[in-house]
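Protein sequence lines, in the order shown, are assigned to chains A and B.
Heads up: the first sequence begins at 137 in the working numbering, then just goes up one per residue.
Heads up: the second sequence begins at 282 in the working numbering, then just goes up one per residue.
Quick reminder that beta carbons are idealized off the backbone N, C-alpha and C, glycines included.
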Amino acid sequence: MRIVVTGGSGIVGGFVVRNLVAAGHDVMNVTRRPPRDPVPGAGFVQVDTTEMGQVVGALKFRGKIADAVIHLAALPNVWPVAASLPTEVWRINALSVYNVAEACAQLGIGKLVETSSVNVHQYMRSGGTIAPPRWPMDETTPNWVINAYGLSKIAGEATARMLHARTGAQAISIRPALVIAPDEYAMRISQMRGDRPKTWLSWSYSDAEDLAEAYRLAIEKDDLGCEALYIVNDDAFTDAPIETCIMQAYRDAGPLDIGVKGHAADIANAKAKAMLGWKPRHSWHDYEKR
Amino acid sequence: MRVVVTGSSGRIGQQVVKELAAHAYQVIAADIARAPHDLPAGVQYIQADMTKPADAVGVLTFRGRKPDAVLHLAAIPNPTKDPPDVVYATNVLSAYNIVEMVGALGIPKLIETSSINWLGMDFRTQEWWPSYLPVDEFHPHQAQDPYALSKFVGEQAVEMIRNRCGTEVISIRPPYVVFTDWWPDVVRRVHEEPLSFASGLWSYIDVRDLAAAYRKALETRVNLHESFYIVADDALAERPVADLAPEVSEALGKKAKSLTGTQPGVDNSKAKRMLDWRPSFSWRDFT
């Protein structure tokens, strides 16, 4: 397929482009800065995705409209880009996904995969006073956000639904949790185990290579309709049992409904497995120093 | 009580400013348009573009004082006259800038203008009808156009700031709003084109009643984010909606069987119950 990948120069983008090219797809990376390590065989065109005209132009490459679009272009919630003004995070993220979806509608592109996030569930930022109705969390857990980034992901998912409702296009929203690339495991593990251990929004994580595979499955498969899919590993990114982590983090939230224990992740990946036939192949334990 | 009204020069905004000034609110009117000549006495005005974060700051810190509440009306009111990306960007950027500054400044209350098009029927291209009638605030949405999407996003934005800061937030969902000079033509359409109001489920509101609802929202304490359909008690129709609906579509006709008498397809009982608000104008007053 001829696939436009917006944001193909980012961390996840690089893995996605590489995965698609290896599978034989014709890929065009559309984003505002060129990739540091260009993937041989993938094209690049420099575009500001907040500009509608540029987006429409970019969805045609080598004279033909793309078959499908994978939208990753955004300001992610990772340092140093996370140090952006909230109004900029909002503007870039909300407008980019809108322009891409609108362009897909106008050009008759039948498949979009856009990038959402565990940040639609920012319950951990309530200071542990507000908990989700139950664990594991999944795609039916109510949204709860406190910042521009989380809001932009809610908006992105609603934008995907708009495209599907208007044109019938297949529109999938992929929700990674903490994304970990192969060369990042050592750093993340030491953050998780450090003297002042870092906590994220959940104890789930997404291996970057497994995540890229999910994007490919979501763009290749047909008849998926319009769905949000959590792409997270089976196991939790923590040493302590998951029920202990949850009870500690949410001790001020009142009665908790905890349906996970031991090494299981706090977010369920069953929907992605069932719909995409996806399975995680890498665990953080594979990267632990012996 | 000191309040900022954004979008104050729009047709709804002007009525809201008038209503609040007449009830002893200290109003700061803000709009992208130049200052009008006919502001009510005592109303201050600032020209500002709410899609610019700095303008939102300026409006909410006007003359060095924070307002007690903000009524945000500034938006492009439909997707029929502007490119889709402009409609969406204008509405979601201005909504976000206001929400962010309300939170940052610790302004305790925000009333957001949503729309019956939070539901998403007026500008859809793929036909769909509600799964039950009358529609109430629980009924799910289906946005197909940038305007409807921007209204959904706007309500999510005010929920965000309530979650972060505890701001008291209300979303007002007006239906087809009728201005005083429109009534003769609207009444003509009721007689001659009764099915033309189908996408709004035959709901409507006189702008004066709508302005009163904004004031009631200011005066009502809410805990969670609450959205309200602000519609008249009766349908914008001579015949019962249950009789008109089958002429539009079989699907709609089936759902409309639950509507009786002059009941419109949108329910205003939440607004009446929680805001202690009553519509006082009916289209029948203008025949």
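Exercise. Go through its chain and collect everything with a Cβ distance to LEU499 of chain B's Cβ below 8 Å, but skip five positions before and after it.
Key: The residue labelled residue 499 of chain B in the question sits at position 218 within the second sequence. Cβ within range, chain order: MET282, VAL284, LEU301, TYR306, ALA350, LEU352, LYS390 and ILE392.
Self-check item: Option in A:ASN279, A:ALA294 and A:LYS289 with minimal Cα separation from ALA429 of chain B
Solution: Position 148 of the second sequence, counted from the first residue, corresponds to residue 429 of chain B. Nearest C-alpha to ALA429 of chain B: A:ALA294.
Practice problem: Whole angstroms is fine: what's the gap from ALA218 of chain A's alpha carbon to GLU224 of chain A's? | Solution: Indexing the first sequence from 1 puts residue 218 of chain A at position 82. Indexing the first sequence from 1 puts residue 224 of chain A at position 88. ALA218 of chain A and GLU224 of chain A: Cα-Cα distance of roughly 11 Å.
Practice problem: Check distances from the C-beta atoms of the segment 192-214 of chain A to those of chain B and list, in chain order, the residues that come in under 9 Å. | Solution: none
Practice problem: Would you check if the distance between the CB atom of ASN405 of chain A and the CB atom of ILE367 of chain A is smaller than 8 Å? | Solution: Translated into the one-based positions of the first sequence, residue 405 of chain A becomes position 269. Translated into the one-based positions of the first sequence, residue 367 of chain A becomes position 231. In this structure, ASN405 of chain A sits near ILE367 of chain A, with a CB-CB distance shorter than 8 Å.
Self-check item: Reduced DSSP secondary structure (H/G/I, E/B, other) of TYR234 of chain A
Solution: On the first sequence, position 98 is the one that residue 234 of chain A refers to. Correct three-state label for TYR234 of chain A: helix.
Quiz item: Under three-state DSSP, which class holds ASN165 of chain A?
Solution: One-based indexing of the first sequence puts residue 165 of chain A at position 29. In the three-state reduction of the DSSP assignment, ASN165 of chain A falls in the strand class, which pools E and B.
Quiz item: Is it buried or exposed for ASN504 of chain B, if we count other Cβ within 10 angstroms and need 16 for buried?
Solution: Position 223 of the second sequence, counted from the first residue, corresponds to residue 504 of chain B. Looking at its Cβ environment, which holds fewer than 16 other Cβ atoms inside 10 Å, ASN504 of chain B is exposed.
Quiz prompt | C-beta contact flag for ALA202 of chain A and ILE147 of chain A at 8 Å | solution = Stepping through the first sequence from its first residue, residue 202 of chain A is reached at position 66. Stepping through the first sequence from its first residue, residue 147 of chain A is reached at position 11. No; because the gap between Cβ atoms is not below 8 Å, this pair is not in contact.
Practice problem: Could you tell me which residues DSSP pairs with TRP454 of chain B in its beta bridges? | Solution: Counting from 1 along the second sequence, the entry for residue 454 of chain B is found at position 173. First, the residue type needs correcting, since residue 454 of chain B is Arg and not Trp in the sequence shown. Answer by DSSP bridge pairing, in chain order: B:TYR510.
Exercise. Run down chain A in chain order and give the residues with a C-beta less than 8 Å from the C-beta of ASP363 of chain B.
Key: On the second sequence, position 82 is the one that residue 363 of chain B refers to. Those do not exist, as ASP363 of chain B stays about 12 Å from chain A at its closest Cβ, beyond 8 Å.
Practice problem: Taking C-beta pairs closer than 8 Å, name the residues in chain A that ASP366 of chain B reaches, listed in chain order. | Solution: As a working note, residue 366 of chain B is residue 85 in the second sequence. Residues of chain A passing the Cβ test: MET188, LEU231, TYR234, ASN235 and GLU238.
Quiz item: Does the separation of the CB atoms of HIS257 of chain A and VAL236 of chain A fall below 8 Å?
Solution: Sequence index remark: in the first sequence, residue 257 of chain A carries index 121 (1-based). Sequence index remark: in the first sequence, residue 236 of chain A carries index 100 (1-based). No, they are not a contact pair.
Quiz item: Does the Cβ-Cβ distance between SER395 of chain B and GLY447 of chain B come in under 8 Å?
Solution: What you label residue 395 of chain B is simply residue 114 of the second sequence in a count that begins at 1. What you label residue 447 of chain B is simply residue 166 of the second sequence in a count that begins at 1. In this structure, the beta-carbon distance from SER395 of chain B to GLY447 of chain B does not fall below 8 Å.
Practice problem: Would you kindly check if the distance between the Cβ of LEU365 of chain A and the Cβ of ILE403 of chain A is under 8 Å? | Solution: On the first sequence, residue 403 of chain A is found 267 positions in, with the first residue counted as 1. On the first sequence, residue 365 of chain A is found 229 positions in, with the first residue counted as 1. Not in contact: ILE403 of chain A and LEU365 of chain A (Cβ atoms no closer than 8 Å).
Practice problem: Could you name the residues of the same chain whose beta carbon sits closer than 6 Å to that of ALA296 of chain A, not counting the 5 residues immediately before and after it, in chain order? | Solution: In the first sequence, residue 296 of chain A corresponds to position 160, counting from 1. Hits under 6 Å: GLU250, ALA307 and SER309.
Quiz item: Any beta-carbon of chain B closer than 8 Å to the one on ALA401 of chain A?
Solution: Counting from 1 along the first sequence, the entry for residue 401 of chain A is found at position 265. Not one chain B Cβ lies under 8 Å of ALA401 of chain A.
Quiz item: Cα separation between TYR326 of chain B and GLY291 of chain B?
Solution: By one-based count along the second sequence, residue 326 of chain B stands at place 45. By one-based count along the second sequence, residue 291 of chain B stands at place 10. Their Cα atoms are separated by approximately 13 Å.
Practice problem: Closer than 7 Å, Cβ to Cβ, to anything on chain A: give me those residues from the segment 322-340 of chain B, in chain order. | Solution: PRO334
Quiz item: Are the beta-carbon atoms of HIS418 of chain A and GLU345 of chain A separated by less than 8 Å?
Solution: Numbered from 1 along the first sequence, position 282 holds the residue referred to as residue 418 of chain A. Numbered from 1 along the first sequence, position 209 holds the residue referred to as residue 345 of chain A. Contact: yes.
Quiz item: Are the C-beta atoms of ARG227 of chain A and some chain B residue less than 8 Å apart?
Solution: Within the first sequence, numbered from 1, the residue matching residue 227 of chain A stands at position 91. It does; some Cβ of chain B falls within 8 Å.
Quiz item: PHE419 of chain B: buried (16+ other C-beta within 10 angstroms of its C-beta) or exposed?
Solution: By one-based count along the second sequence, residue 419 of chain B stands at place 138. PHE419 of chain B is exposed by the Cβ-count criterion.
Exercise. For VAL351 of chain B, write down the residues that DSSP places opposite it in a beta bridge.
Key: Taking the first residue of the second sequence as 1, we reach residue 351 of chain B at position 70. B:VAL285 and B:LEU391.
Quiz item: Is the CB-CB distance between PHE509 of chain B and ARG559 of chain B below 8 Å?
Solution: Here residue 509 of chain B refers to the residue found at position 228 when the second sequence is read from its first residue. Here residue 559 of chain B refers to the residue found at position 278 when the second sequence is read from its first residue. No.
Quiz item: Cβ of TRP420 of chain A less than 8 Å from any chain B Cβ?
Solution: Numbered from 1 along the first sequence, position 284 holds the residue referred to as residue 420 of chain A. By this cut-off, TRP420 of chain A is not an interface position.
Quiz item: Which first and last residues belong to the beta strand (DSSP E) in which GLN307 of chain B is found?
Solution: The count along the second sequence starts at 1 and reaches residue 307 of chain B at position 26. Segment 307-312, the beta strand (DSSP E) holding GLN307 of chain B.
Quiz item: Is it true that the CB of ILE139 of chain A sits closer than 8 Å to the CB of ALA209 of chain A?
Solution: For the purposes of this step, residue 209 of chain A is taken as residue 73 along the first sequence, with counting starting at 1. For the purposes of this step, residue 139 of chain A is taken as residue 3 along the first sequence, with counting starting at 1. Cβ distance not < 8 Å, so ALA209 of chain A and ILE139 of chain A don't count as in contact.
Quiz item: DSSP three-state call for HIS300 of chain A: helix, strand or coil?
Solution: Within the first sequence, residue 300 of chain A is the residue found at index 164, counting from 1. Helix.
Practice problem: Determine contact between the segment 332-346 of chain B and the segment 371-386 of chain B, defined as no fewer than three beta-carbon pairs at a distance below 8 Å. | Solution: yes
Quiz prompt | Residue closest to VAL468 of chain B, alpha-carbon to alpha-carbon, out of B:THR568, B:MET331, B:ASN359 and B:TRP399 | solution = By 1-based counting over the second sequence, the position of residue 468 of chain B is 187. Selected option, being the one with the closest Cα: B:THR568.
Practice problem: Kindly list, in the order they appear in chain A, the residues whose Cβ is closer than 7 Å to that of LEU430 of chain B. | Solution: Against the second sequence, residue 430 of chain B aligns to sequence position 149. ALA294, THR295 and MET298, listed in chain order.
Quiz item: With a cut-off of 8 Å, does the C-beta of LEU391 of chain B fall near any C-beta of chain A?
Solution: In the second sequence, the residue the question calls residue 391 of chain B occupies position 110. Chain A, which has no Cβ nearer than 8 Å to the Cβ of LEU391 of chain B, makes this no.
Self-check item: Where ARG311 of chain A meets chain B, residues with beta-carbon distance less than 7 Å
Solution: As a working note, residue 311 of chain A is residue 175 in the first sequence. The premise fails here: ARG311 of chain A is roughly 16 Å from chain B at the closest Cβ pair, so nothing lies under 7 Å.
Quiz item: Quick one: Cα of PRO171 of chain A to Cα of GLY179 of chain A, how far?
Solution: Taking the first residue of the first sequence as position 1, residue 171 of chain A is located at position 35. Taking the first residue of the first sequence as position 1, residue 179 of chain A is located at position 43. Across the structure, PRO171 of chain A and GLY179 of chain A are spaced so that their CA atoms are roughly 10 Å apart.
Quiz item: How many Å lie between SER145 of chain A and ALA158 of chain A at the Cα?
Solution: Here residue 145 of chain A is taken as the residue at index 9 of the first sequence, counted from 1. Here residue 158 of chain A is taken as the residue at index 22 of the first sequence, counted from 1. If you take the alpha carbons of SER145 of chain A and ALA158 of chain A, they lie about 17 Å apart.
Quiz prompt | Residue interval of the beta strand (DSSP E) (run including ARG417 of chain A) | solution = For this step, residue 417 of chain A is matched to residue 281 along the first sequence. That residue, ARG417 of chain A, is in no beta strand (DSSP E); it is neither H nor E in DSSP.
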